[in-house]
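Written below as structure tokens is the structure these notes are about.
Printed below as a string of structure tokens:
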């Protein structure tokens with residue numbers, strides 16, 4: 010047996026965590042303001058901002074009845090709505106990390122150093138999303154009251170630094186990242202859309218790596234009974250988050266100029282293509298959390 014094999018599993022995970030955080034700190038040091046990095050003038054009101062197959066109504070029989078102009082406008086509104094979801098998630102994360110920064114500074118200075126980098130990047134993303142919204146001349150389309158209440162409460166009150174807290178963070182980062190990858194694969198989209206997507210993907214990759222290693226480290230200290238207790242809550246948080254991510258409310262369809270927006274909002278919840286896309290984007294984070302002992 011070599012020396013590495015004699016190190017307890019929890020100690021090996023801690024060493025891996027610390028080494029990863031140090032690497033993340035190095036990579037986060039070269040920061041560039043995302044608002045300045047996006048070629049905003051490339052946003053064209055005459056072109057789509059999302060691939061057609063990522064539109065929420067794509068796959069419905071009624072979708073083919075929409076004109077090309079209606080589809081283009083829907084793609085623009087849904088991309089802004091997708092970024093509005095990101096803005097809501099960033100606000101939750103900023104609020105929580107900011108509220109607990111003093112305790113984290115003394116409890117884990119290495120992680121605290123990285124989380125300051127992460128806060129800076131999340132603020133940058135928020136400013137980027139707001140700039141997009143203002144240039145698109147669209148209001149906030151999803152009221153706070155329609156965002157997942159349990160996800161909001163759990164992200165705010167789950168014990169900071171716990172595996173459960175970071176599990177909610179991972180879900181909120183990984184699921185949209187899967188959509189971002191599908192968007193970024195389409196090089197025919199406006200350069201501004203690709204830049205927004207790429208910036209978010211690049212920086213969220215570090216955030217997700219930190220979340221995963223933290224979950225691995227913290228879940229080692231959780232007993233089976235506690236994981237069984239937490240699992241139904243995480244499962245409901247996951248369900249609520251997927252609903253707000255993939256099934257727009259009627260305000261989105263109204264902003265796109267579609268008639269009978271409430272009917273469209275009902276139809277999309279039964280859209281097999283959209284449900285398949287949702288499950289495709291949810292699978293990686295769900296599978297990872299299952300490997301950590303959570304019954305999702």
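Residue numbers (our numbering): 10 to 305.
We treat Cβ as the ideally placed atom computed from N, Cα and C, and that holds for glycine.
field: Neighbourhood of residue 58 by C-beta, 6 Å cutoff - its chain only, sequence neighbours within 5 removed
entry: Around residue 58: 84, 85, 88 and 202.
Residues of its chain near residue 82, where Cβ-Cβ distance is below 8 Å and the 5 sequence neighbours each way are ignored: For residue 82, same chain residues with a beta-carbon under 8 Å away, outside a window of 5 residues either side, are 265 and 266 in chain order.
task: For the segment 59–120, list the alpha helix (DSSP H) runs that are entirely contained and at least 4 residues long, ordered along the chain.
output: Runs found: 77–108 and 110–116.
message: Would the segment 175–192 count as touching the segment 128–135 if we require 3 or more Cβ pairs under 8 Å?
response: Remark: fewer than three beta-carbon pairs, one from each stretch, lie closer than 8 Å, so the segment 175–192 and the segment 128–135 are not flagged as touching.
- prompt: From which residue to which residue does the alpha helix (DSSP H) around residue 45 run?
  reply: Looking at the DSSP string, the run of the alpha helix (DSSP H) that includes residue 45 is 43–46.
- prompt: How big is the Cα-Cα spacing for residue 172 and residue 302?
  reply: Distance between the alpha carbons of residue 172 and residue 302: 11 Å.
message: Could you tell me the alpha carbon to alpha carbon distance between residue 139 and residue 209, rounded to whole angstroms?
response: A direct Cα-Cα distance of roughly 14 Å separates residue 139 from residue 209.
message: By the DSSP assignment, the alpha helix (DSSP H) with residue 233 in it spans what residues?
response: Element bounds for residue 233: 233–255.
message: Going by DSSP in three states, residue 299 sits in which element: helix, strand or coil?
response: Of the three classes helix, strand and coil, the one that applies to residue 299 here is helix, per DSSP.
message: Would the segment 150–170 count as touching the segment 247–257 if we require 3 or more Cβ pairs under 8 Å?
response: Under the 8 Å Cβ criterion, the segment 150–170 counts as touching the segment 247–257, having at least three qualifying pairs.
- prompt: Where does residue 133 fall in DSSP's three states?
  reply: The three-state reading of DSSP puts residue 133 in helix, counting H, G and I together.
- prompt: Taking just the CA atoms, how far does residue 290 sit from residue 125?
  reply: When rounded, the distance between both Cα atoms is 28 Å.
- request: Have a look at residue 240 and residue 233 and give me their C-alpha separation to the nearest angstrom.
  value: Roughly 10 Å between the two C-alpha positions.
- prompt: From what residue to what residue does the alpha helix (DSSP H) around residue 183 run?
  reply: Where residue 183 is concerned, the enclosing alpha helix (DSSP H) stretches over 172–193.
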